[in-house]
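Shown next, in structure tokens, is the structure this report addresses.
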Amino acid sequence: MKKIAIKNLAPGMFVHSVTKQRGQFKIKNQGWVRTSDSISQLINAGILEVEIDTDKTLPDDNQDSTSSTTNAHSQAQKQRYDPTQHSVSVSSEIGKAEKLYTEAKSLQEKAIESIRAGKKIAIGPFEEVADGFIDSIFRNQDALACMTRIREKDAYLLEHSINVSVLMTIFAKHLHIERDIMHQMATGALLHDIGKIKIQDEILNKPGKFTDDEFIQMKDHARFSKEILEESGLSGVAVDIAAYHHERLDGRGYPFGLKGDDIPQHVRMIAIVDVYDALTAKRVYKDGMNPINAFKIIKDDTPNCFDTELVNQFIKCIGIHPVGTLVKLKSQKLGIVSQSNFDNPLKPWVKTFYSAKHHHHTEVKDINLADKHNQDELESAIKPEDFAIDLMRFFRNSVLS
Ligand SMILES: [Fe+2]
């Protein structure tokens with residue numbers, strides 16, 4: 001018998017028992033794992049470690065033809081992790097991403113009107129947008145990721161839910177979560193805060209701290225979201241996402257006070273993504289925080305509130321300087337992060353196009369900060385408005401490829 005991390009499980013191995021997991025998933029029988037898909041299902045169910053019977057491992061030719069060897073399996077895993085493998089460029093995807101984003105915004109507005117008029121939400125169009133997000137993210141996730149970096153000051157409620165849905169889908173892809181679950185996650189995330197429309201505007205938009213009474217009212221929005229989604233015909237993962245996004249591992253979340261193992265993986269994921277987007281959002285009363293500081297705050301609340309492994313995976317997946325971030329280099333060149341570096345997040349690829357020293361645009365140049373011949377380094381992330389830079393213009397004009 002040997003205990004192995006789930007990532008090392010390969011087709012042909014005999015699983016004797018689950019030795020570490022998140023949530024309460026139970027495997028019905030001991031037995032051989034035949035396909036990569038069944039391994040993905042175990043990962044999705046929150047299994048972290050299993051005990052295998054090494055004497056019973058099948059030779060390669062007994063395994064499913066779609067996933068013949070351990071090597072092939074880990075090779076496939078590796079390939080799916082590779083963010084540079086895009087089927088299209090950002091510049092060709094950005095138009096579609098922008099259209100989807102705009103469509104999602106108008107759907108949110110319609111949903112708000114429906115609820116205010118006492119009607120149910122039409123879920124079909126949200127599911128179509130969720131599908132559109134998934135397709136776009138599989139073609140090139142950087143396009144929608146860039147859209148989440150462009151914020152309008154007064155559109156928080158609309159944009160936050162869309163961003164959370166986009167980031168959840170990117171995160172789910174990173175964790176190899178199957179498409180059906182990913183779809184439910186994206187749909188639920190689009191509507192996770194819809195219950196806020198039942199909260200008074202003065203409380204909702206209050207810049208300062210809530211009074212005890214206001215906080216009690218505010219906490220109920222997740223309960224309202226659950227009711228609205230259930231009334232509209234959604235169930236399962238999509239409803240969980242909306243109902244429990246403020247629950248925390250130590251039981252101090254709200255409004256249901258769930259704790260530890262009662263909180264499944266998809267809910268642990270949205271808890272992280274929701275806070276990350278709220279912290280990085282620009283509001284009427286505050287500037288958006290840069291991702292590094294947002295990650296720091298989330299880390300400080302881990303493991304009390306958030307799942308340690310998922311937080312680490314989320315940071316890895318988004319990157320300290322996500323694609324689309326405007327940065328200043330030591331040389332005073334400004335550029336946009338065009339490709340993350342998973343091995344060394346402080347050394348991504350940057351497209352430079354402006355000199356902060358001379359205050360003028362320069363020829364667009366690709367710089368790989370990890371290159372051994374490169375002398376430059378990242379100094380800081382900056383705000384586009386400080387240099388009157390229209391990020392969307394750059395995304396559209398093939399600055400990223
Ligand atoms: Fe919320």
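Number 168 in full-length UniProt numbering belongs to position 168 of the sequence shown; there are no gaps in the numbering.
C-beta atoms are modelled at their ideal positions from N, C-alpha and C, and glycine is treated no differently.
Query	Result
Assess contact between the region 236-245 and the region 176-193, defined as three or more Cβ pairs (one per stretch) separated by less than 8 angstroms. Is contact present?	yes
Identify which residue in F138, A145 and D371 has its Cα closest to the Cα of residue 446.	There is no way to answer for residue 446, as the model of the chain reaches only from 1 to 401.
For P322, count neighbouring Cβ atoms within 10 angstroms of its own Cβ and tell me buried if that reaches 16, exposed if not.	buried
In the DSSP assignment, what are the bridge partners of Y254?	BP columns for Y254 are empty, so no partner.
How is the beta strand (DSSP E) around I52 delimited, first residue to last?	I47 to I52
Is there contact here, the region 220-227 with the region 165-182, by at least three beta-carbon pairs under 8 angstroms?	no
Compute the Euclidean distance between the alpha carbons of K282 and M289, then round it to the nearest angstrom.	8 angstroms
Using three-state DSSP, classify F314 as helix, strand or coil.	helix
By Cβ distance, which residues of its chain are closer than 6 angstroms to P384, with the 5 residues on each side in sequence left out?	L326 and L391
Tell me whether L378 sits in a helix, a strand or coil according to DSSP, three-state version.	strand
Taking just the CA atoms, how far does S136 sit from K56?	42 angstroms
If I'm right that Q265 touches G46 with Cβ under 8 angstroms, what's the distance once you round it to whole angstroms?	5 angstroms
With respect to the beta strand (DSSP E) encompassing Y276, which residues constitute its N-terminal and C-terminal limits?	Element bounds for Y276: not the beta strand (DSSP E) but the alpha helix (DSSP H), Q265 to T280.
Are the beta-carbon atoms of I194 and V237 separated by less than 7 angstroms?	no
Taking the runs of the alpha helix (DSSP H) that are 4 residues or longer, which of them lie wholly in the region 145-194?	156-174 and 179-190
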